[in-house]
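A.B. asks:
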Amino acid sequence: MTGETVRARQMWHLLEPLHAVLYYAPAAFEEAAALGYDTEERWASYFAWRAAPLGAAGADEVVRTFHSFAPATVARYVPASWATAPPEAVLAARLRAVDRAYRALFGDRRVEGADLAEAAALARRAAEATNPGVLGGTFGPAGPADSALGPANSALPWPDAPHLALWHAATVLREHRGDGHIAALQAAGLDPVESLASFAAVGAARPEVFASRGWSEQEWGAARHRLQERGLLAADGAATEAGRELRAEVELRTDEEAAAPWRALGEEGRERLAELLGEPWLEVIGSGMLPGENTLGIGKV
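Heads up: take any position in the sequence shown, counting from 1, add 872, and you land on our numbering.
1) Decide if the segment 1092-1103 is in contact with the segment 1131-1146; the criterion is three or more beta carbon pairs, one per stretch, under 8 Å apart.
2) My output table needs one value for L1105: the three-state DSSP class, helix, strand or coil.
3) In chain order, what residues of the same chain have a beta carbon less than 8 Å from the beta carbon of P958, not counting five sequence neighbours either side?
4) Compute the distance between the beta-carbons of E1129 and A1095, then report whether it is under 7 Å.
5) Is the separation between the beta-carbon of P1133 and that of A1001 shorter than 7 Å?
6) Quick test of the definition: if touching needs 3 or more C-beta pairs under 8 Å, does the segment 1106-1124 touch the segment 1070-1089?
7) Among residues of its own chain, excluding the 5 on either side of G882, which ones have a beta-carbon nearer than 8 Å to its beta-carbon?
8) Using only the alpha-carbon positions, how far apart do A944 and P925 sit?
9) Would the beta-carbon of A969 fall within 7 Å of that of A899?
10) DSSP three-state call for A1072: helix, strand or coil?
11) With DSSP as the reference, please indicate the residues paired to A1111 in a beta bridge.
12) In whole angstroms, give me the CA-to-CA distance for L1149 and T1126.
13) Do H891 and I1170 have their C-beta atoms closer together than 7 Å?
14) At 3 residues or longer, what runs of the beta strand (DSSP E) sit wholly inside the segment 917-997?
15) If you measure from the CB of T877, is any heavy atom of the ligand FAD nearer than 6 Å?
16) Measure from the alpha carbon of G1138 to the alpha carbon of each residue in A931, V934, L994 and L1105, then state which is nearest.
17) Can you tell me which of R1049, A1042, F941 and G875 puts its alpha carbon nearest to the alpha carbon of W1153?
18) Please classify P1064 as buried or exposed, where buried requires at least 16 neighbouring CB atoms within 10 angstroms.
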């Protein structure tokens, strides 16, 4: 890894928890329930929150842009989500949810303070440097420009409140990275379930953590068999040396695609943003709100 790719991954690790409060904060479940979503489990609101920037997307579009979920899982929630609440109502509610969550985590004084405003301005500069028209060049026809979550979030209006602008910037940047990650997986010849199985095989998370993506035991087993035939998995399901090398290449290419916004911000701006995000990051992690083990491999890759 180069210094540039290390910095791209560091910023992802810092920003991802600030984005992810939307999926776990009590306020988010309350806002989802007010819209009419079933909050006994989190998936109905998750698909609505994350897919709303796409508009009233159908199941096929969500399968493609989310990448890791089994089609049958997506079909349980999409497009039914939009019968519960239209995308524009979901978008408004997710900002209300983040406002309430951030105020509960950081307090009104911090939320309205100068440090968070400065962080928001820097993060926005980076987020505005994501350019879908440029991204597709590295990976060709299957590149990030074909995955819509980054551009869809970039196209939304910027919130006026600095703390909400910070969250929006974190969201644009993480979905931009996610688009590049999908392209890297495709370039490596890994389909969605193979992507998860190969990631579990290098220790990113236990296989049961990936069960949330809805693949059946038969589908998971078939994916492992295909990976074994390629020499990427051993008989016990652990990654071979070739499997580890392929996954390392996927992560490196993901970091390379994610680096562009941080080049635009500059080293001084990036270092200042990292400094400003330190305390909010600690407070989110320390809240216990987020799961300790996750499908993104944060803390493991």
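Glycine included, every Cβ here is placed at the ideal spot set by N, Cα and C.
Please read all numbers here as calculations on a predicted model, not as lab measurements.
C.D. replies: On the basis of the supplied data:
1) no
2) Working through the sequence shown from its first residue, we reach residue 1105 at position 233. The answer is strand: DSSP assigns L1105 an E or B state.
3) The residue given as residue 958 occupies position 86 in the sequence shown. Closer than 8 Å at the Cβ level, and outside the excluded window around P958, lie A928.
4) Working through the sequence shown from its first residue, we reach residue 1129 at position 257. Working through the sequence shown from its first residue, we reach residue 1095 at position 223. Result no, Cβ atoms of E1129 and A1095 do not sit closer than 7 Å.
5) Locating residue 1133 in the sequence shown gives position 261, counting from the first residue. Locating residue 1001 in the sequence shown gives position 129, counting from the first residue. For P1133 and A1001, yes; Cβs fall inside 7 Å.
6) yes
7) What you label residue 882 is simply residue 10 of the sequence shown in a count that begins at 1. The identity of residue 882 in the sequence shown is Gln, whereas the question assumes Gly. The residues are A1146.
8) Residue mapping note: residue 944 aligns to position 72 of the sequence shown, counting from 1. Residue mapping note: residue 925 aligns to position 53 of the sequence shown, counting from 1. One C-alpha to the other measures close to 22 Å.
9) Here residue 969 is taken as the residue at index 97 of the sequence shown, counted from 1. Here residue 899 is taken as the residue at index 27 of the sequence shown, counted from 1. Result yes, Cβ atoms of A969 and A899 sit closer than 7 Å.
10) Position 200 of the sequence shown, counted from the first residue, corresponds to residue 1072. Note: A1072 maps to helix in three-state DSSP.
11) Here residue 1111 refers to the residue found at position 239 of the sequence shown. DSSP, once it has assigned bridges, lists L1105 as partnering A1111.
12) Numbered from its first residue, the sequence shown carries residue 1149 at position 277. Numbered from its first residue, the sequence shown carries residue 1126 at position 254. About 22 Å.
13) Locating residue 891 in the sequence shown gives position 19, where the first residue counts as 1. Locating residue 1170 in the sequence shown gives position 298, where the first residue counts as 1. Their beta carbons are not under 7 Å apart, which means H891 does not touch I1170 by this criterion.
14) none
15) Inclusion of the ligand FAD in the displayed structure is not the case, the ligand content being empty and no account of it being possible.
16) For the purposes of this step, residue 1138 is identified with residue 266 of the sequence shown, where counting begins at 1. Of the candidates A931, V934, L994 and L1105, the one whose C-alpha sits nearest the C-alpha of G1138 is L994.
17) The residue labelled residue 1153 in the question sits at position 281 within the sequence shown. Selected option, being the one with the closest Cα: A1042.
18) Stepping through the sequence shown from its first residue, residue 1064 is reached at position 192. Answer is buried; the Cβ neighbour count reaches 16.
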